[in-house]
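Numbering (this note's numbering), first residue to last: 4 to 364.
Notes to accompany the following structure.
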């Protein structure tokens, strides 16, 4: 649509004066204005002009404008260039129209997308999201739910591919890089590694933010009866790590400063359960995570030849985190897997509790 911008000059009609200029007898002057001011220019000679002289008015439009009419003419107002015979002083306005075919506010000569649907917001080039396809997948940005699709990848109607070929769109696939060999083992979220899955020698009970690394619990307890934490009265330097990721180092520190060979850390570190030899005693937070998922671990362990957590006199499980030279943290598993409390510092390190090793992958 073409927009007509009018200035106050539009309301000035041509003034034809029959009075000759007193300074130059028999001559007349020409005055021309432009509307809008920045729309263009007019090439003309203002005079003085002798009566009967024919001059030419030539309106030149700037970008995004076109000449429309001279306001002093009712007929042939759009004629350009315009011949004018000077028989009186003449005041006129050259009217220009703004060219914006799709009404998006950007002039047509600057508009990359000339047919923007009405009302849609546009970028600096005059294009709306419905007219753009940033990843060149054939789905407009307005509909594309996966705007960073790899060039050439086949996509669905929402602009999403299936990078790992597991049958789940990248839009809902939490694990879009599943190895081909694991595609048959994925869950509803497209992950082959998930909480409660049996792999890497045990049951997954913790995953990091990548969903590719975490911790597994052994499917069986260590030792036929309860096991002591060990070295009562001896402070184990550096075995104070509580967070996830500190259990392995805690275990090494216990072995370095405690020479007893029947401790919880000793049993965990020397386990070769399921063919793995890098087991360790879980830290405070690692044990807490395992406790929270204990019911799932019990169920999956049973399916794979393992056993439940102990709920008898040895229902407490040792962590590798010491409190001081006499006490260490443990977790009460008697409450089941409801994650109702965190590990406590209660039993002396010479008391017998249960041990369940973990390993990282």
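Even for Gly, the Cβ is constructed at its ideal location relative to N, Cα and C.
Cross-strand partners of residue i (DSSP beta bridge)
{"i": "residue 47", "result": "Per DSSP, none; premise fails for residue 47."}
{"i": "residue 143", "result": "Beta-bridge pairing links residue 143 to no other residue."}
{"i": "residue 209", "result": "218"}
{"i": "residue 68", "result": "101"}
{"i": "residue 38", "result": "98"}
{"i": "residue 362", "result": "219"}
{"i": "residue 73", "result": "97"}
{"i": "residue 195", "result": "Answer is none; residue 195 lacks a bridge partner."}
{"i": "residue 56", "result": "89"}
{"i": "residue 62", "result": "45"}
{"i": "residue 3", "result": "Summary: the structure shown does not reach residue 3, with the chain confined to residues 4 through 364, and so no result is reported for it."}
Residue environment, residue i, which counts as buried when at least 16 other CB atoms sit within 10 Å
{"i": "residue 353", "result": "exposed"}
{"i": "residue 230", "result": "buried"}
{"i": "residue 216", "result": "exposed"}
{"i": "residue 305", "result": "exposed"}
{"i": "residue 273", "result": "exposed"}
{"i": "residue 41", "result": "exposed"}
{"i": "residue 289", "result": "buried"}
{"i": "residue 300", "result": "buried"}
{"i": "residue 171", "result": "buried"}
{"i": "residue 119", "result": "buried"}
{"i": "residue 60", "result": "buried"}
{"i": "residue 146", "result": "exposed"}
{"i": "residue 28", "result": "exposed"}
{"i": "residue 81", "result": "exposed"}
{"i": "residue 122", "result": "exposed"}
{"i": "residue 68", "result": "buried"}
{"i": "residue 239", "result": "buried"}
{"i": "residue 228", "result": "exposed"}
{"i": "residue 182", "result": "exposed"}
Segment limits, beta strand (DSSP E) that includes residue i
{"i": "residue 189", "result": "No beta strand (DSSP E) contains residue 189, which DSSP labels as neither H nor E."}
{"i": "residue 99", "result": "93–102"}
{"i": "residue 332", "result": "330–335"}
{"i": "residue 293", "result": "Run containing residue 293: none in the beta strand (DSSP E); it sits in the alpha helix (DSSP H), 287–295."}
{"i": "residue 3", "result": "The requested residue 3 is not part of the displayed model; the chain covers only 4 to 364."}
{"i": "residue 161", "result": "Counting along the chain, residue 161 falls outside any beta strand (DSSP E), and DSSP gives it neither H nor E."}
{"i": "residue 175", "result": "From DSSP, residue 175 is part of no beta strand (DSSP E); its letter is neither H nor E."}
{"i": "residue 86", "result": "85–89"}
Selection from the options that minimises the alpha carbon distance to residue i
{"i": "residue 105", "options": "216, 153, 117 and 259", "result": "117"}
{"i": "residue 161", "options": "173, 167 and 288", "result": "173"}
{"i": "residue 346", "options": "63, 57, 332 and 210", "result": "332"}
{"i": "residue 308", "options": "133, 222, 294 and 239", "result": "222"}
{"i": "residue 363", "options": "248, 77 and 90", "result": "248"}
{"i": "residue 52", "options": "91, 79, 46 and 61", "result": "91"}
{"i": "residue 268", "options": "209, 234 and 46", "result": "234"}
{"i": "residue 244", "options": "237, 147 and 253", "result": "253"}
{"i": "residue 277", "options": "202, 156 and 313", "result": "202"}
{"i": "residue 211", "options": "303, 178 and 44", "result": "178"}
{"i": "residue 250", "options": "265, 356, 218 and 266", "result": "218"}
{"i": "residue 168", "options": "154, 150 and 187", "result": "187"}
{"i": "residue 237", "options": "45, 351 and 356", "result": "351"}
{"i": "residue 358", "options": "220, 36, 255 and 240", "result": "220"}
{"i": "residue 246", "options": "209, 76 and 48", "result": "209"}
{"i": "residue 30", "options": "47, 48 and 54", "result": "54"}
Residue interval of the alpha helix (DSSP H) (run including residue i)
{"i": "residue 257", "result": "250–260"}
{"i": "residue 272", "result": "267–272"}
Residue i versus residue j - alpha carbon distance
{"i": "residue 258", "j": "residue 292", "result": "24 Å"}
{"i": "residue 335", "j": "residue 270", "result": "20 Å"}
{"i": "residue 360", "j": "residue 189", "result": "26 Å"}
{"i": "residue 159", "j": "residue 113", "result": "33 Å"}
{"i": "residue 339", "j": "residue 263", "result": "With a pLDDT of 49 at residue 339, under the threshold of 50, the modelled position of this residue cannot be trusted; read the value that follows with caution. If you take the alpha carbons of residue 339 and residue 263, they lie about 31 Å apart."}
{"i": "residue 195", "j": "residue 184", "result": "10 Å"}
{"i": "residue 72", "j": "residue 32", "result": "21 Å"}
{"i": "residue 134", "j": "residue 191", "result": "34 Å"}
{"i": "residue 38", "j": "residue 125", "result": "27 Å"}
{"i": "residue 94", "j": "residue 86", "result": "14 Å"}
{"i": "residue 74", "j": "residue 143", "result": "45 Å"}
{"i": "residue 50", "j": "residue 132", "result": "54 Å"}
{"i": "residue 330", "j": "residue 297", "result": "24 Å"}
{"i": "residue 224", "j": "residue 281", "result": "16 Å"}
{"i": "residue 287", "j": "residue 322", "result": "6 Å"}
{"i": "residue 3", "j": "residue 151", "result": "No answer is possible for residue 3: the residues shown for the chain start at 4 and end at 364."}
{"i": "residue 36", "j": "residue 62", "result": "11 Å"}
{"i": "residue 355", "j": "residue 232", "result": "8 Å"}
{"i": "residue 180", "j": "residue 214", "result": "10 Å"}
{"i": "residue 25", "j": "residue 45", "result": "Any reading at residue 25 is ruled out, since the residue's pLDDT is 48, under 50, leaving its predicted position unreliable."}
{"i": "residue 265", "j": "residue 200", "result": "31 Å"}
{"i": "residue 313", "j": "residue 283", "result": "19 Å"}
{"i": "residue 109", "j": "residue 198", "result": "54 Å"}
{"i": "residue 56", "j": "residue 88", "result": "6 Å"}
{"i": "residue 165", "j": "residue 155", "result": "12 Å"}
{"i": "residue 176", "j": "residue 103", "result": "44 Å"}
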